[in-house]
Each structure stands twice: as C-alpha cells, then as structure tokens.
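Chains A and B supply the protein sequences, listed in that same order.
All you need for this note's numbering is the position in the first sequence, starting with 1, plus 710.
If you count the second sequence from 1, position 144 lands on 129 in this note's numbering, and the numbers rise without skipping.
Cβ coordinates follow ideal geometry from the N, Cα and C atoms, glycine included.
Just so we're clear, the structure is a prediction, and the values are computed from it rather than from any experiment.
See below for the structure under consideration.
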Amino acid sequence: MTNAWGDIKHADLVVVMGGNAAEAHPCGFKWVVEAKAHRGAKLIVVDPRFTRTASVADFYCPIRPGSDIAFLGGVINYLLSNDKIQKDYVKAYTNATFLVKPEFGWSEGLFTGYNEEKRDYDRSSWDYQMDEQGFARVDETMTDPRSVFQLMKQHFAIYTPELVERVCGSPRDKFLKVCEMISECSSPTKTMTSMYALGWTQHSKGAQNIRGMAMVQLLLGNIGVRGGGMNALRGHSNIQGLTDLGLLSNMLPGYLNLPTEKEKDFGTYMSTRGFKPLRPGQTSFWQNYKKFFVSFQKSMWGDRATAENDWAYDWLPKLDVTYDVLRTFELMNQGKVTGYFCQGFNPLMTFPNRGKITAGLAKLKWLVTMDPLDTETSRFWENHGEFNDVKTADIQTEVFQLPTSCFAEDEGSIVNSGRWLQWHNAAVSPPAEARSDVFIMAGLHLRLKELYLKEGGAFPDPIVNLRWPYAQPEEPSAEELAKEMNGQALSDVFDPTDPTKVLVQKGKQVDTFAQLRDDGSTASFCWIYAGCFTEAGNQTSRRDTYDPGDTGLAPRWAWAWPVNRRILYNRASSDVSGKPWDESRKLVWWSGERWTGYDVPDYGPTVKPEQAVGPFIMNPEGVARLFTRGMMRDGPFPSHYEPFESPVANVINPKIRGNPAARIFKADLEALGSPDQFPYVGTSYRLTEHFHQWTKHVWVNAALQPEFFVEISEELAKEKGIEKGGWVRVWSNRGSLKAKAVVTKRIKPLMVDGRPVHVVGIPQHWGFIGKTKKGHNPNSLTPFVGDANIETPEYKAFLVNIEPTSAPAVA
Amino acid sequence: MTIGEVSRRGFLKAAGVGVAGTTLGAMGFGGAEQAMAQAVRPFKLARMTETRNICPYCSVACGVIMYSLGDRSKNTRSALMHVEGDPDHPTNRGTLCPKGAALLDFVHAETRLKYPMHRKPGSDTFERVSWDFALDRIARLMKDDRDANFQTTNKDGLTVNRWTSVGFLAASATTNETGTLTYKVMRSLGTLPFDNQARV
C-alpha cells in the first residue's frame, strides 16, 4: 500500500477491483464503511462475482476474469478523451511531458522489438529521447506527437466503450457509469483510492493490471495524497516483510537485486546502478545503492567483506535465470532438484497444476517441511482415495516433518499492508517438542559450518564466515535479529559535511539509512528497515495512539518503512509551490522554510519549491512514470491480452495467445485446453470464513464452511441439468475435481463478443487434512504459467468443463 | 501482569467492579448493591496474563490480546485461554473477523504438530525421531548434494557460486527476524531456488 488502512476513511471514492476486501480483509474494509458513513464516499466494485463487497457497493459492474486491462484501458481512454485529468499534477509530477524515441511503436497487439521465438522483446526503443548532456527531452505543452501524453492518447484510443463491452462482457452503460464516477476525482479536492489484491496479481499480465490502475490514479492526481493511492491488500500477515527482506529467488533485502552471471564483478554490477538523474537537479535517491549494498554485505560477512575482496561480491550466488517456484517445480519434474524445504508453505495445495506438483515432489530425494500444522505437502505420499490418489510404495522421497511454533508462541515484528512493522510477544510455549523456525535454521547452519570446517567441500567461505554474533548461537533472539536488520556502526560514522563530527559511534545502532556508508563502516541487513530498532529502543513495539489531524496515520504506533513514513510520495499532496491541493486534506506542505505536515516528508526537508525537484525522488526522472521505459518485460504501457486459456481469441490480434512475453514451458503449453472442449471460465478465490489451508484445522471455521463447493449461475445450472446442492465434476485439461454445486444469482453469464460466457467459481480452502470434510482444490485444474514480469501463476482465469455427477467415495 | 503495555484494558480491568458498585450506589439501592456484587462472578479474564500480539492471517494485521493462565515462572507452562481484538489498535479498534475471532482454536488445533517426524523412502508412515537425528541428517543430505552439485563457474568460466539443486520456500507468516536468519542461512549456501508466498 502507498497509504495506510486508517487513511481510507478520507477517500471520496473507493474502487475495489481485483480484490474482495469485505470478505478477505474484513477489519480493514471497515475504513471503507467509515468513509461511506462519515464522508459520503461512494464504493464501486468491479468483479466477476457479486461479492459481499459488491453487496454494500454504491455501484457494481461485472467483468470477465482476465480482461481487466481492457476495462482499465477504457477508463484511461475516457479520462483522456473527456479531459478529465488533474492537468497540473500530470504535467508536473508524471512523465507525460517526456519525449519518447521515434522508433518506439505499437501495432496489432505488439510493441516494437518483439521476438516470437524467444517470447521476449528487444526493449531498446522503449525509452526517452536524450539530449547531449544525457537528460531526457520534454515538451511542457504535451502536444508533441512523441510526448508520453500523446502516445498514451493514441495507445488507449482503441479501448472504446464498445470494445470494453465486447471483451469484458461489462454492459456499456455500467462501464460508462463507472468512468463517470471515477472521472469526478480528477478534481484536486476529490480523491479516489484503489484497493486490489490477488484478483489482479494472479494473471499472466498481473503486473500490468496494476500498472493500468496506477496510471488512472496518476492521471487523477491521486498518488501521494490522503484518501488516495494504490493499495495492495496483501494476503499474508508478513508477506510484505518477506518481500522487503528479499526472500525471493532474484532479490537481496531492501529491493536490491541479486547479481546475474553477466555481472562478473562488483564494478560491472555497479556500472548499471549509477541512477544518474534524467532531468537537471533531480534527487534520484537510488544513487545511494552502493551504501545499501555494502552495508548488507557487512551484515552478512562482517570483517570478511572488505574493499579488497569487493565486499565479498563473489560470495553471493549469480543468476543465469530466475529460479521462481514454477521453474523450480519444472526442474523437479526433470529430476534436477534433490531436496526441498517448505517452511510454513503448502505447495501441494497452493501451486498450480497439482498433478505436476505431486510428480515433482515424488522425484525429490528428500523433502523437509517446517510448520505448526500437519500439511498436505508433508503427506503428499499418503493415499487418501480420490483426494490424494498416489502409490505410496512407489514414492522414494525421504520426508522430514518438523513441528514449529506459531504466532502465539514467538516474538518479533511483522509488516502489515501499510508497511507498518508491528512487534508481537509470545503468550505461551509451543506444544510438546515444537521449536521455532530460528532454532531449526540456526541448527542447520551450525551443523553445516561444523561439517565444512571438518571435511572441507564445495566453496565453504560464505558459510564458515557467515556473521553470527548471537549470545545463544543455537537460537538467536528476535531482538538481536531486529537490531541486525536495522544496522549499526562498525566504526565511527562521520558527518560528510564536517569530518570532525561523529554522527554514530562505533557499536551504536544507526537511526536512519542516511547514516549508512559504502566504506564498510556500517552494517545493515535491510536498509529500508533502518530506524526500526535504534538506540532509542524497539520502535516497532510502540503503541501510542496519538494521531494529529485525525489522519488515521497514528505516527507513534509501531513503525513504518521507510523512516516511519505513512504515505509514500507525500510531497505530491501539495502543488508545485508547496501549497496543499486540498486544504481540508492537507498532508505535507512547504512552511516557507521547510517541508512540514502530518507525515514524514518524502522529500529533502529544506529543498525549496522553486528548485523544481520532482516529488518522486526514487526515480531518476523525479516524476512518476506513465510510460515505464524498458522496465517491464511486456511493454511500457499495459495492453490487453487474453489469459492463456480463454473462451475467446484476442480481438486486437487473434494470433496472440496469452501474454506474448510470458514464459511457458513446453509441456505446460501442451497442457493448455481449448474452448471447444472447455467452454467455461474457471476462477479461484477465498471465503471470509477461511484463511487459505490453515483454518480448515480450526473447528470453528470448519463448522462455518465445512464442505468444498463450486459456484455457478442459475443459467449454467439449467443448461447442464445441475441441481442446487447436487454433485458436479469440474475438469480442465490438467485435472478433475468433484464438488457440490452452489447455484447462485451472484454469478451471471456475461455477453462476450456476442455470446454468453459462463464463470465457474472455485474456492480454495479444502484438502485432505484438518477438521473440515475432505475436499478438492482449484489447483487440480489451474494452468502452470505465470506473469511475464514476476511469474505469479494465472490462478484467476482458466478454462474448465462441468457436468453433473455422483458423490465421491468416502476416503 | 501485562506484557506489552495494554494500557486501556488494564485500566478497565482494575476499575471494573468498583464502577459497577458505584453506579448502583448512586442510584440509591444501598444493600442491594452489596448483594449484587456478591452474586456477580469475578470477570474470569481478570486473573489472566495479557500479551499483545498480531493476528497471523491477512495483512490488515489486527492487534489481538492473548489471555493466558500461569505466571511464567520457570517450572510452569502457561495455558492460552482467550484471544480478542485489541481496542487500542488503530486499524481494527478491537474488532476481529470470523478467522481472527477463532484464533484460540488455531493455537489449540488437534493437528498442531508436536514431534519431529521422519518418513523413509517408500514407507506408508511417519516415525517419531529426535531433533538431533533430524537436523544432523538434513545437514548431511544438504552438504552431500551441495558438494556434488555446487557450480563455482559457468561454461564461460565466470564465477557464479550457485546451488540450484536444493530449493527453499520461506513462510510469509513468520516474523522479519525469522526471515532475516532464514535468508542468511540459505543465501550463504548459494541457494537460488528461494521464494516465499509473495511469488504466488
């Protein structure tokens, strides 16, 4: 989230699209209700199903799963062609004025530079025109045909209300009503917020779905302001934290990148990370990259990371490709993975195409699960009749099932959607012999270190030299680790403007990432967390409800990254001169001497407005990007692509299947189904009574929603002779499941390209362990293909067939 | 005892019985007040230890207060009795959803794991093992594979120092501190297949 949960109460319009906040984030959704009740805010829901969020909306518009870019493209086209944008904001705070290279273009669904064989683009033309000094050329009038503004107008012109209706199945009048309501927020004193979740990410073009709405929000001037923003409602309690900490195959902590093998040394790695400003006088904060990188390396290897050995650059693994989970399970199926760890993770239930997941796990030599609960993955080898039909004796995988503590039994911080790090304490001890994950990880490290010291072996240096300064090496404390994330001075840190002045004494915690250095004098595991645990103590355990201006930001409750900032890009809440766009909702403004307000300014505190430094200080442009240059694999603007399995061809170019830049492995391409055999759209989701596969272990939730079902429309039920509550079989080209049918008015057939398209809704909470009845799971059916940029699987739109059937045999 | 300064709750708890008595007294019920106070059972949670926590489910991250029996002396085990929303929390203001409201039964689920278990290749059952057995054996398996499959250079002779034949899925419900230690241990081995739920 750019903003905070409590800030939603300041919105005039809430758009929930790509999520279902009332059911999946109920206690956060109350801030929408607050905005409606006390501010007169309106709520729009765009969703394939009439969800509980839709049931309290002021306006609901249906949409076919996987067609969001066409819809959002339609909204962008409406705003641009009706001049419903916040022009001053767009002009000064976005790259609408920037000029793009003459070679760049788009035709028949593809941008320039496409290579069909590689399913990839040469992105060199997707960039600005540069002048002799290396600055981007701009046209302040935004009339130049090569300006981003004009290119955007041209790119989105095809997304007419007619096209939106034809592609999305959203009735034209409803779509136009949504546009009209959204367009009112182009006023500087009206604000809209976007709340989305996995309904947008779980597509082969998920990142571009979000880009689409981010563009809408920029055109309306709604980023950096109270009641606005792009608000990702994240799924797990600390999924934000693990993302921040870089527990991803290609990341380092704090959104630094793991090197690729082409970056043969530290100099080469840094050579593309200079982040030179693209306009005169801009901040370009990533110019500090080296300080954050070196401080991370010092956190890992302490004294052993030196200037002489390039801060132990060679001790980091180098990527040839990204080892995301889809690739890893593909490699498992090829017999190239020996062992696998699942820490609080149940991939048998949660990864696509369960058949492939089972086959992959069965090819492992060993599997280790670490979980408070008995998971299906840890018992993937156990036969449960038609709910897990495997030949146990044939599965040669050695399995360790390690019992861990849960939240009630450990302490530490977790990061909410609004980037707040909140500390929690243990109330009780774990049951029987269950231990913490920290005990397990430390136990493995210390054993491996001992083995490498004793026996030698492959490249032991980064293991035997790993910094391990903990009082109890076999189980480091949460406090020690929190201090390590924050970082400390390894030797005195001096003021760069006055080298006689010590800013941080050796051994002390740093207060902020501004104190980090690239000379080895500081260590910080995750630079964006610098400030979370300082000499003043653990900031994440603060619980002061002080809230000046009734902003809902609670600046002394817990601690938000970065530097306790609650709304990102908040400089943009004021106009160029530093005066709030909306006095009644002011956030950060220029006092005449400095930037002040209710939040920590996302800006140099004394940079005068007339210096014209852009408010998006992380970007070398200083402004937000409507055109993303070559930063995304599938295009600098969003473009409509069908899901890989779709009931219709892409109307823009019928030859394009799925996202043309998304990776798909050969066997998975062959496993895709076609609409003649699988005419219905399957989509997966969760219910308010359950949390993923966890709550089926909880008897209260199991009693509330005991049994697996699928949801279909009355029309489809009639067509297929399916009774309310009757058994159905639903199958895709990859698998089959049985469920009871909930025949509902919540899902209606959509008219797409002149014919009705039916949607089959499949909730995802059942398996073969727990207090609920045994049940199937949508991932028996889902396709094994991910988003072009980040490989999040396309769980939300695929093809199925359905027929009445008999009850499953009881296992 | 209060863990994590539960200020308002603590105040209400201490003031509870007195407030009720005074109100009745002010209304002129005299002796009835005493009889009433005797009839009302003491609030059960008043004798509990309160601990501040955060709901482990979605990223709204509602504040919760956990009530446990036991004074945490060395020779006792605390027992969790009740979980409710934290009224001071700026996001949830004391409310919980159908999942959060049933957290007590998550902690006490019958399917909570209690002992390290081991399944031999081809076997149809788990067998209980010791932590030392499990960790010694896993470390051995890791090292054997790493020594066999670790790549120090690629085909062009460039240093790559990577290990791709063992993978790790990290848990997005663990703490930052657990995530930090997990990262250090796995990356120092050169592990590349390393993701968490954010990937899916």
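- For Met1010 of chain A, the neighbours in chain B by C-beta distance under 8 Å run, in chain order, Lys169, Arg172 and Ser173.
- Within the segment 910 to 934 of chain A, contact with chain B at the beta-carbon level (separation under 7 Å) is assigned to no residue.
- Checking the DSSP bridge columns, you'll see Asn805 of chain A has no partner listed.
- At a cut-off of 8 Å between C-beta atoms, Asp1378 of chain A does not count as an interface residue with respect to chain B.
- Scanning A:Pro775, A:Ala745 and A:Gly783 for the CA closest to the CA of Ala767 of chain A turns up A:Ala745.
- Following the DSSP letters along the chain, one finds Pro871 of chain A inside the alpha helix (DSSP H) bounded by residues Pro871 to Cys878.
- Residue burial annotation: Ser1294 of chain A is exposed, with fewer than 16 other C-beta atoms found within 10 angstroms of its C-beta.
- The beta carbon of Gly1012 of chain A sits closer than 6 Å to those of Arg1177, all from its chain and outside the five residues before and after it, given in chain order.
- Cβ neighbours of Asp121 of chain B within its own chain (closer than 7 Å, five residues either side excluded): none.
- Under the DSSP assignment, Val1462 of chain A falls in the beta strand (DSSP E) whose first and last residues are Leu1460 to Val1462.
- Contact between Ala1181 of chain A and Glu1121 of chain A is ruled out by a C-beta separation of about 15 Å, above the 8 Å threshold.
- By the beta-carbon neighbour count (other beta carbons within 10 angstroms, threshold 16), Thr1250 of chain A is buried.
- The C-beta distance from Tyr1308 of chain A to Pro1258 of chain A rounds to 6 Å, short enough to fall under 8 Å.
- Under a criterion of Cβ atoms nearer than 7 Å, the residues of chain A adjacent to Ala94 of chain B are, in order, Leu1083, His1407 and Val1408.
- Of the residues A:Ala1264, A:Val724, A:Phe739 and A:Ser791, the one whose Cα lies closest to the Cα of Thr1398 of chain A is A:Phe739.
- Rounded to whole angstroms, the gap between the alpha carbons of Ala806 of chain A and Ser857 of chain A is 7 Å.
- Per DSSP, the beta-bridge partners of His1094 of chain A are A:Glu1096.
- Per DSSP, reduced to three states, the secondary structure at Ile1362 of chain A is coil, with no helix or strand assignment.
- With respect to the 8 Å criterion, Val1440 of chain A and Phe1419 of chain A are not classified as neighbours on the basis of their beta carbons.
- Within the DSSP secondary-structure output, Ala942 of chain A pairs in a beta bridge with A:Tyr906.
- Looking only at A:Gly931, A:Tyr906, A:Leu908 and A:Thr911, the smallest Cα-Cα distance to Lys900 of chain A is reached by A:Gly931.
- For Phe1354 of chain A against Glu1504 of chain A, the beta-carbon gap comes to about 6 Å, under 8 Å, which counts as contact.
- Contact between Gly1241 of chain A and Ala714 of chain A fails: their C-beta atoms lie close to 17 Å from each other, not under 8 Å.
- At a Cβ-Cβ threshold of 8 Å, Asp778 of chain A and Met840 of chain A do not count as neighbours.
- Residue state for Leu1083 of chain A is assigned as strand, using DSSP reduced to three classes.
- A straight-line Cα-Cα distance of about 15 Å links Arg833 of chain A and Ser817 of chain A.
- For Trp1441 of chain A, the enclosing beta strand (DSSP E) stretches over residues Trp1437 to Trp1441.
- One thing to note: Cys771 of chain A has its Cβ within 8 Å of the Cβ of Val888 of chain A.
- Between Leu886 of chain A and Leu968 of chain A, the CB-CB gap reaches or exceeds 8 Å.
- Taking the CA atoms as reference points, His103 of chain B sits about 10 Å from Phe118 of chain B.
- As a beta-bridge residue in DSSP terms, Met840 of chain A pairs with A:Ala846.
- Residue environment analysis places Lys1434 of chain A among the exposed positions, since fewer than 16 neighbouring C-beta atoms fall within 10 angstroms of its C-beta.
- If only complete runs of 3 or more residues are kept, the segment 1127 to 1165 of chain A shows the beta strand (DSSP E) at 1130 to 1134, in order along the chain.
- Residues of the same chain with a CB within less than 6 Å of the CB of Gly79 of chain B, apart from the 5 flanking positions on each side, are Gly70 and Pro72 in chain order.
- With a cut-off of 8 Å on Cβ pairs, the segment 792 to 800 of chain A is in contact with the segment 889 to 909 of chain A, counting three or more such pairs.
- Pro1503 of chain A: not part of any alpha helix (DSSP H); DSSP gives it neither H nor E.
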